[in-house]
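K.L.:
Residue numbers (the working numbering): 49 to 158.
What follows is the structure in structure tokens.
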């Protein structure tokens with residue numbers, strides 16, 4: 049039980065770290081893209097092309113949608129794991145109670 053809890057904690061931590069790395073890579077890419085666009089703006093006299101602006105917004109939208117999907121999947125997996133752990137705990141308690149009842153019945157029969 050403790051090992052499973054630790055495994056779940058590790059999985060959650062790994063998922064968080066992976067999400068942070070994706071987020072960092074995305075923001076790094078956005079920053080580079082913005083630098084390129086700023087340079088282009090400077091050269092063109094200060095106006096950003098609508099297509100470039102639309103592209104940036106679409107990239108951000110795709111990234112955030114993917115990050116949200118990853119988070120939902122991680123949360124669903126965590127919920128399933130917690131439910132399974134609760135079922136296992138309930139089963140263990142039920143087994144202990146059954147053993148206790150059987151022991152008491154044997155003692156009373158003797």
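Cβ atoms here follow ideal geometry from the backbone N, Cα and C, with glycine treated the same way.
Computed from a predicted model, the values in this text were never measured in an experiment.
Can you tell me which of 55, 67 and 58 puts its alpha carbon nearest to the alpha carbon of residue 111?
P.N.:
Closest by alpha carbon: 67.
K.L.:
Candidates 89, 81 and 121: which alpha carbon is nearest residue 103's?
P.N.:
Residue 103 has its Cα closest to that of 81, out of 89, 81 and 121.
K.L.:
I'd like to know whether the C-beta atoms of residue 85 and residue 100 end up nearer to each other than 7 angstroms.
P.N.:
Against a cut-off of 7 angstroms, the Cβ pair of residue 100 and residue 85 comes out as a contact.
K.L.:
Grab the span of the alpha helix (DSSP H) containing residue 120 for me, first residue to last.
P.N.:
It spans 98–157 - the alpha helix (DSSP H) in which residue 120 sits, taken as one unbroken run.
K.L.:
For the pair the stretch 121–131 and the stretch 53–66, tell me if three or more CB-CB distances fall below 8 angstroms.
P.N.:
Enough Cβ pairs lie closer than 8 angstroms, so yes.
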